[in-house]
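K.L.:
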Amino acid sequence: MATQTATFPATAPASAGVLLPAFTLWWREVVRFYRQRARVVGVIASPLLFWIVIGSGFGTSFRSGQSAGQQHYLNYFYPGTLVMIVLFTAIFTMMSVIEDRNEGFLLSVLVAPVPRAAIVLGKVLGGTTLAAAQGLIFLVFAPLVGVHFTLASFGLIVLTVFLVSFALTALGFAIAWPMDSTQSFHAIINLFLIPLWLLSGALFPLSGASGWIRWLMYANPLTYGVEALRTLMYPEAPSAFSLTASILTLVLFALFMFGLAFVLANRRTTKPAA
Amino acid sequence: MDDNRTLLGVEWPVAPNSSALDFAPSAQPVKLDSEPIIAVRDLLHRYQDRTALSGVSFEVRPAELFGLLGPNGSGKTTLFRILSTLMVPTSGSATIAGFDAIRQPAALRRHIGVVFQAQSVDLKLTAYENLWHQGHLYGLRGPDLKTRINEILTRVGLLDRSADRVEIFSGGMQRRIELAKGLLHHPEVLLLDEPTTGLDPGARRDLWQYLQILRDQERVSVIVTTHLMEEAERCDRLAILNEGTLVALGTPEALTREIGGDVILLEARDPQTLAERIRNKFHVDATVMENQVRLEIENGHRFVPDVVEAFPGEIQSLSVSKPTLEDVFIHRTGHRFWSEDAEPPPETGKKKNKKKLPH
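As you go down the protein sequences, you meet chains A and B in turn.
My numbering puts the first sequence at residues 1 to 274.
My numbering puts the second sequence at residues 275 to 633.
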């Protein structure tokens, strides 16, 4: 059916607001991911392999030093592996910020009347949904390592995974947004994000670590995420922080990261497509 | 999803409209035909080490098919980024539909549709999904959006493929989806960056025909960047850019008429000497360009027998042609559009194919 003839209407489309574009970006992020089956498997396969091989490899030779009982390394390494899955998914989805902006859908978004807040919200929530979903899928292996869920503990685990996903995705966004090429992003992954994970208590506990490493681990917000998961999964084992302290730190971490992402996305510079 | 009012339990702040699209009364008055829809003033842009645009100014009239012609490195991509509000220029101003590109980008973006040279369509999504997401970016939704999507898909001839993933489309079909995306929200102004890249001649013709229909029937102002002369010739008016400056502005006919005659090219064993002798004998301006002697002369066909007889055996080949836009370019800049040995300056940020002009 033909549109208005001759003159173009003198009226302009109403503002898109924040929620509709954010929703659409969130939805697109989720749909895209699950249409790339290779990626979906990839973000779980690697950490899974790590967990099985390293966990079985260290086996019972692992002594956590301070704890009363002794955990098989598969059990110890389990929460860290979950966080690794979350981290990998978050990285993967945020890499698309760089790729999409030079040649992709994000170009269309940047020239549309969409507030930057909507872009940040949509992308970060999209990445969070995926990272949390992939992490929670990993919970199918929980019974194998002696984790027993109660309704409360499961709910709190979901909350913790969500917070960690949100914080890491927002961090990924904040890193990716000012970047021009994916090579730089790869460098940051290897030099910053992986070490962040290494120093989070995923591989080795706080208690036995030597001085300066221990301080780094205390300062690392991700440590609180891993510790919270560990406390929830293995309530009998002693934990370095209380659950409340951990979750609170995670909330602050998440809010700070989102704030950073938001501020960065709102800058308007004379660089191309910034 | 079908409910216009609420989504996920949230009340939308926008009042739905019973007409086809969500239109709200604009604070801006209707543009008179005489006022420009785009006004660029002294636009200057510097990347770190080079100046891409040095003080470009021009205007585009409403419902005009306007071309930006220039070789790689001429600044037309920079200009395109500024007009599409992707980038803030170092200095100068650009106004589209009354809105300042630097100070009022959000308001301006409602009035423009952009078709990039780079792919901006999501290959993993279907044609319909791509347009559905695109519509949301402009505040379109629900059954009205669906109607509009089907309408635009029909216009570009892809309605029967709406449920297919874009990754299986041919290059030409992907371009059409890009065009559909740019036009979905009824923009007054359509910006296209080298839209016929990678299209076969039939598809190019179709695209240009469609742009003309847009201009005539829907009064859309279309701005196209190109490095192809034959495309530039189909524009109502064009601006020719070279190394960041505007070297020509006007209708293709007016610009070529400037040349004031035909262009004669002579091949000879020693072009320099021949040029000198022609200058001395006929008192016409003869230049040497890429080993050919070049003359701009009225009634070239009359001059041909004179020059051949004056230098028997020296001229290896001779051509007489009506002036083209490239001749305008040469006339204004003193060199060819693409020179054989010069390397076009690198474009910042994007990979570009160096395209040779067909002769």
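From the three backbone atoms N, C-alpha and C, an ideal C-beta is built for every residue, glycine too.
Output yes if chain A places a C-beta closer than 8 Å to the C-beta of T359(B); else output no.
P.N.:
Taking the second sequence and counting its residues from 1, one reaches residue 359(B) at position 85. Closer than 8 Å to some Cβ of chain A, the Cβ of T359(B) qualifies, so yes.
K.L.:
What does DSSP give as the partner residues of V467(B) in its beta bridges?
P.N.:
The residue given as residue 467(B) occupies position 193 in the second sequence. Checking the sequence shown, residue 467(B) turns out to be Asp, not Val. Answer is T499(B), bridged to D467(B).
K.L.:
Please list, in chain order, the residues of the stretch 114-125 of chain A that have any C-beta partner in chain B closer than 8 Å.
P.N.:
Of all residues in the stretch 114-125 of chain A, V114 and P115 have a Cβ within less than 8 Å of some Cβ in chain B.
K.L.:
Would you tell me roughly how many angstroms separate the C-alpha atoms of N424(B) and D490(B), rounded to the nearest one?
P.N.:
One-based indexing of the second sequence puts residue 424(B) at position 150. One-based indexing of the second sequence puts residue 490(B) at position 216. Near 22 Å, if we compare the C-alpha coordinates of D490(B) and N424(B).
K.L.:
Of all the residues that make up the stretch 401-416 of chain B, which are near chain A by a beta-carbon distance shorter than 9 Å?
P.N.:
E403, N404, W406, H407, Q408, G409, H410, L411, Y412, G413, L414 and R415
K.L.:
So what does DSSP say about F92(A), is it helix, strand or coil?
P.N.:
Locating residue 92(A) in the first sequence gives position 92, counting from the first residue. Correct three-state label for F92(A): helix.
K.L.:
Which stretch, first to last residue, makes up the alpha helix (DSSP H) that contains G55(A)?
P.N.:
In the first sequence, residue 55(A) corresponds to position 55, counting from 1. Taken as a continuous stretch (DSSP letters only), the alpha helix (DSSP H) holding G55(A) covers R37 to F58.
K.L.:
Only counting the same chain, and skipping five residues up and downstream in sequence, which positions put a Cβ closer than 8 Å to that of L250(A)?
P.N.:
Locating residue 250(A) in the first sequence gives position 250, where the first residue counts as 1. Cβ-Cβ distances below 8 Å link L250(A) to T160, L163, V164, A167, P221, Y224, G225 and A228 in the same chain, with the five nearest sequence neighbours on each side left out; the list follows chain order.
K.L.:
Taking 8 Å as the cut-off, does the stretch 461-481 of chain B touch the stretch 575-586 of chain B (at least 3 CB pairs, one atom from each stretch)?
P.N.:
no
K.L.:
Are the C-beta atoms of Q110(A) and some chain B residue less than 8 Å apart?
P.N.:
For the purposes of this step, residue 110(A) is identified with residue 110 of the first sequence, where counting begins at 1. In the sequence as displayed, the identity of residue 110(A) is Leu instead of Gln. So yes, L110(A) belongs to the interface.
K.L.:
Please state the DSSP three-state secondary structure of V388(B).
P.N.:
The sequence position of residue 388(B) within the second sequence is 114, counting from 1. V388(B): strand per DSSP, three-state reduction.
K.L.:
Looking at G341(B) and T500(B), is the spacing between their C-beta atoms short of 8 Å?
P.N.:
Position 226 of the second sequence, counted from the start, is the residue given in the question as residue 500(B). Position 67 of the second sequence, counted from the start, is the residue given in the question as residue 341(B). Yes, the Cβ-Cβ distance between T500(B) and G341(B) is below 8 Å.
K.L.:
Taking 8 Å as the threshold, find out whether the stretch 399-414 of chain B comes into contact with the stretch 439-447 of chain B through three or more Cβ pairs.
P.N.:
Verdict: yes, contact present.
K.L.:
Drop a sphere of 10 angstroms on the beta-carbon of T525(B), count the other beta-carbons inside from all chains shown, and report buried for 16 or more, exposed for fewer.
P.N.:
Locating residue 525(B) in the second sequence gives position 251, where the first residue counts as 1. By the neighbour-count rule (16 or more Cβ atoms within 10 Å), T525(B) is not buried but exposed.
K.L.:
Excluding sequence positions up to five away, which residues of its chain have a Cβ less than 6 Å from the Cβ of L121(A)?
P.N.:
Position 121 of the first sequence, counting from 1, holds the residue named residue 121(A). Contacts found: A22.
K.L.:
Hey, R450(B) and L432(B) are a contact pair by Cβ (cut 8 Å); roughly how many whole angstroms apart?
P.N.:
Here residue 450(B) refers to the residue found at position 176 when the second sequence is read from its first residue. Here residue 432(B) refers to the residue found at position 158 when the second sequence is read from its first residue. At roughly 6 Å, the Cβ-Cβ gap stays under 8 Å, so R450(B) and L432(B) are in contact.
K.L.:
If we define contact as Cβ-Cβ less than 8 Å, is K398(B) a contact residue for chain A?
P.N.:
If you number the second sequence from 1, residue 398(B) lands on position 124. For K398(B), the answer is yes, since a Cβ of chain A falls inside 8 Å of its Cβ.
K.L.:
Apply the 10 Å Cβ neighbour rule to A371(B) and answer buried if 16 or more other Cβ atoms are within range, or exposed otherwise.
P.N.:
In the second sequence, the residue the question calls residue 371(B) occupies position 97. So A371(B) counts as buried.
K.L.:
Taking C-beta pairs closer than 7 Å, name the residues in chain A that V388(B) reaches, listed in chain order.
P.N.:
Position 114 of the second sequence holds residue 388(B). By Cβ distance, chain A contributes V111.
K.L.:
With a threshold of 7 Å on Cβ separation, who are the neighbours of M95(A) within its own chain once the five nearest residues in sequence on each side are excluded?
P.N.:
As a first step, residue 95(A) is located in the first sequence; it is residue number 95 there, counting from the start. Cβ within range, chain order: A176, T182 and F185.
K.L.:
By how many angstroms is the C-alpha of Y321(B) removed from the C-alpha of V362(B)?
P.N.:
What you label residue 362(B) is simply residue 88 of the second sequence in a count that begins at 1. What you label residue 321(B) is simply residue 47 of the second sequence in a count that begins at 1. Rounded to the nearest angstrom, the two C-alpha atoms are 11 Å apart.
K.L.:
Going straight from the alpha carbon of G126(A) to that of A45(A), what length do you get?
P.N.:
Your numbering for residue 126(A) matches position 126 in the first sequence. Your numbering for residue 45(A) matches position 45 in the first sequence. Rounded to the nearest angstrom, the two C-alpha atoms are 21 Å apart.
K.L.:
E550(B) lies in the alpha helix (DSSP H); which residues open and close that run?
P.N.:
Sequence index remark: in the second sequence, residue 550(B) carries index 276 (1-based). It spans P545 to F556 - the alpha helix (DSSP H) in which E550(B) sits, taken as one unbroken run.
K.L.:
What would DSSP say about E403(B), mapped onto helix, strand or coil?
P.N.:
Indexing the second sequence from 1 puts residue 403(B) at position 129. Reduced to three states, the DSSP call for E403(B) is helix.
K.L.:
Just mark P299(B) as buried or exposed, buried being the case when its beta carbon has 16 or more other beta carbons within 10 Å.
P.N.:
Residue mapping note: residue 299(B) aligns to position 25 of the second sequence, counting from 1. For P299(B), the predicted model reports a pLDDT of 43, less than 50, meaning its position is unreliable; a value from the coordinates is still stated below. Exposed, because fewer than 16 other Cβ atoms sit within 10 Å of the Cβ of P299(B).
K.L.:
Would you kindly work out how many angstroms separate the C-alpha atoms of V43(A) and L74(A), rounded to a whole number?
P.N.:
As a working mapping, residue 43(A) is identified with position 43 in the first sequence. As a working mapping, residue 74(A) is identified with position 74 in the first sequence. If I take the Cα positions, the gap works out to 19 Å.
K.L.:
Comparing C-alpha positions only, which one of L130(A), F258(A), H148(A) and L203(A) sits nearest to R28(A)?
P.N.:
Locating residue 28(A) in the first sequence gives position 28, counting from the first residue. Of the candidates L130(A), F258(A), H148(A) and L203(A), the one whose C-alpha sits nearest the C-alpha of R28(A) is L130(A).
K.L.:
Listed in chain order, which residues of the stretch 436-458 of chain B have Cβ atoms closer than 7 Å to some Cβ of chain A?
P.N.:
K455
K.L.:
Tell me where the beta strand (DSSP E) around M563(B) begins and ends.
P.N.:
For the purposes of this step, residue 563(B) is taken as the residue at position 289 of the second sequence. A560 to M563 is the span of the beta strand (DSSP E), which, as asked, contains M563(B).
K.L.:
By DSSP, does H319(B) sit in helix, in strand, or in coil?
P.N.:
Here residue 319(B) refers to the residue found at position 45 of the second sequence. It is a strand residue.
K.L.:
By the three-class DSSP mapping on this structure, what secondary structure does L473(B) have?
P.N.:
Counting from one through the second sequence, the residue named residue 473(B) turns up at place 199. Coil.
K.L.:
With which residues is S591(B) paired in a DSSP beta bridge?
P.N.:
If you number the second sequence from 1, residue 591(B) lands on position 317. Answer is E541(B).
K.L.:
I'd like to confirm the pairing. Which residues does DSSP put opposite N516(B) in its beta bridges?
P.N.:
Taking the second sequence and counting its residues from 1, the one referred to as residue 516(B) is at position 242. For N516(B), which the question treats as bridged, DSSP gives the partners T519(B).
K.L.:
Which residues of chain A have a Cβ atom closer than 9 Å to the Cβ of R335(B), listed in chain order?
P.N.:
Locating residue 335(B) in the second sequence gives position 61, where the first residue counts as 1. Those within 9 Å of R335(B) in chain A number zero; the least Cβ separation is about 14 Å.
K.L.:
Measuring alpha carbon to alpha carbon, tell me which of D180(A), L19(A), N190(A) and I137(A) ends up nearest A83(A).
P.N.:
Here residue 83(A) is taken as the residue at index 83 of the first sequence, counted from 1. In the sequence on display, residue 83(A) carries Val and not Ala. The shortest Cα separation from V83(A) among D180(A), L19(A), N190(A) and I137(A) belongs to I137(A).
K.L.:
Could you name the residues of the same chain whose beta carbon sits closer than 6 Å to that of R419(B), not counting the 5 residues immediately before and after it, in chain order?
P.N.:
Counted from its first residue, the second sequence places residue 419(B) at position 145. Note on residue identity: the sequence assigns Leu, not Arg, to residue 419(B). Excluding positions up to five away in sequence, the list reads G409.
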